[in-house]
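Working notes for the structure below.
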Amino acid sequence: MIRRRLFLGLPLLALLPAMTKPGEGAPQLKAKSPRQLPLPLPAPYDSTADARRDIAAATARARKRNKPLLIDFGANWCVDCRVLAGVFELPEMKPWLARNFELVQVDVGEFDKNLDIPKRYGLSRLAAVPALLVIDAKTGKLRNVGEEIALGDARIMKPQSIADWLARWTI
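For reference, each letter of the sequence shown is one residue, going 46 to 216 in the working numbering.
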């Protein structure tokens, strides 16, 4: 009987990799340096967006889908922010991000916009951009305390290092 159950369960094991969603390891990126990112680099920070509304909607989706919220604070004038956005757009990275996070990109302008938002998560201020906040959607707690600007030198980081850092925060 045990052998029969084991035999019947083996096909299900083959499906596990395909069913993997939150918590999967980092994707293996083909781009080995920022110089290999497609140009022009994205300019993802919308100065006209309602960041509070976008965060509220993303939080609701994150709760429903049981994955963390990833808030990316930046500006289109910031080279590191745009390089980070370029990594996010890589064909291996974009679907992985969508499976593992609810991403919201928030424009900080010239450090004169949306600066009250980090206070909701226990930060007194943004030290620099890009700043990434990984939020537990169920509790609203900041998960990457002290590491908000870990990707602040994206222009000199290997894209794989960025992917590996993000993978640390998946469920």
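Glycine included, each C-beta is placed from N, C-alpha and C at the ideal position.
Cβ of P175 less than 8 Å from any chain C Cβ?
Structure shown: chain C not included; a single protein chain is present.
Taking all protein chains shown into account, do 16 or more other C-beta atoms lie within 10 angstroms of the C-beta of W141, making it buried, or fewer, making it exposed?
Within the sequence shown, numbered from 1, the residue matching residue 141 stands at position 96. The residue in question, W141, is buried, as its Cβ has 16 or more Cβ neighbours within 10 Å.
Pairing CB atoms from the segment 128–148 with CB atoms from the segment 200–207, are three or more of them under 8 Å?
Touching, yes.
Identify which residue in I207, W210, R213, V151 has its Cα closest to the Cα of S92.
To locate residue 92, count along the sequence shown from 1; it is residue 47. Closest option to S92, Cα to Cα, is V151.
Are the segment 164–179 and the segment 102–112 in contact at 8 Å, needing three or more beta carbon pairs?
Contact between the segment 164–179 and the segment 102–112 is absent, because fewer than three Cβ pairs lie under 8 Å.
Compute the Euclidean distance between the alpha carbons of I100 and R144, then round it to the nearest angstrom.
Here the question's residue 100 lines up with position 55 in the sequence shown. Here the question's residue 144 lines up with position 99 in the sequence shown. Looking at the two C-alpha atoms, the distance is approximately 17 Å.
Closest to A120 by C-alpha separation, out of R110, R97, E192, D157, would be which residue?
Here residue 120 refers to the residue found at position 75 of the sequence shown. Measuring from the Cα of A120, the nearest candidate turns out to be D157.
With L181 and P89 assumed to form a contact (beta carbons below 8 Å), what rounded beta-carbon distance in angstroms separates them?
The count along the sequence shown starts at 1 and reaches residue 181 at position 136. The count along the sequence shown starts at 1 and reaches residue 89 at position 44. Note that residue 181 is Asp in the sequence shown here, rather than Leu. At roughly 24 Å, the Cβ-Cβ gap does not stay under 8 Å, so D181 and P89 are not in contact.
Please report how far the alpha carbon of P163 lies from the alpha carbon of D95, in whole angstroms.
The sequence position of residue 163 within the sequence shown is 118, counting from 1. The sequence position of residue 95 within the sequence shown is 50, counting from 1. Looking at the two C-alpha atoms, the distance is approximately 15 Å.
Measure the Cβ-Cβ separation of L177 and D117 and say whether it is below 8 Å.
Along the sequence shown, read from residue 1 onward, the residue named residue 177 stands at position 132. Along the sequence shown, read from residue 1 onward, the residue named residue 117 stands at position 72. A contact, by the Cβ cut-off of 8 Å.
Just to check my reading of the structure: E228 and K75 have Cβ atoms closer than 8 Å, yes? What is that Cβ distance to the nearest angstrom?
Residue 228 lies beyond the range of the chain shown here (46 to 216); nothing can be said about it.
Work out the CA separation of I194 and W122 for me, nearest whole Å.
Locating residue 122 in the sequence shown gives position 77, counting from the first residue. Locating residue 194 in the sequence shown gives position 149, counting from the first residue. The alpha-carbon atoms of W122 and I194 are separated by roughly 17 Å.
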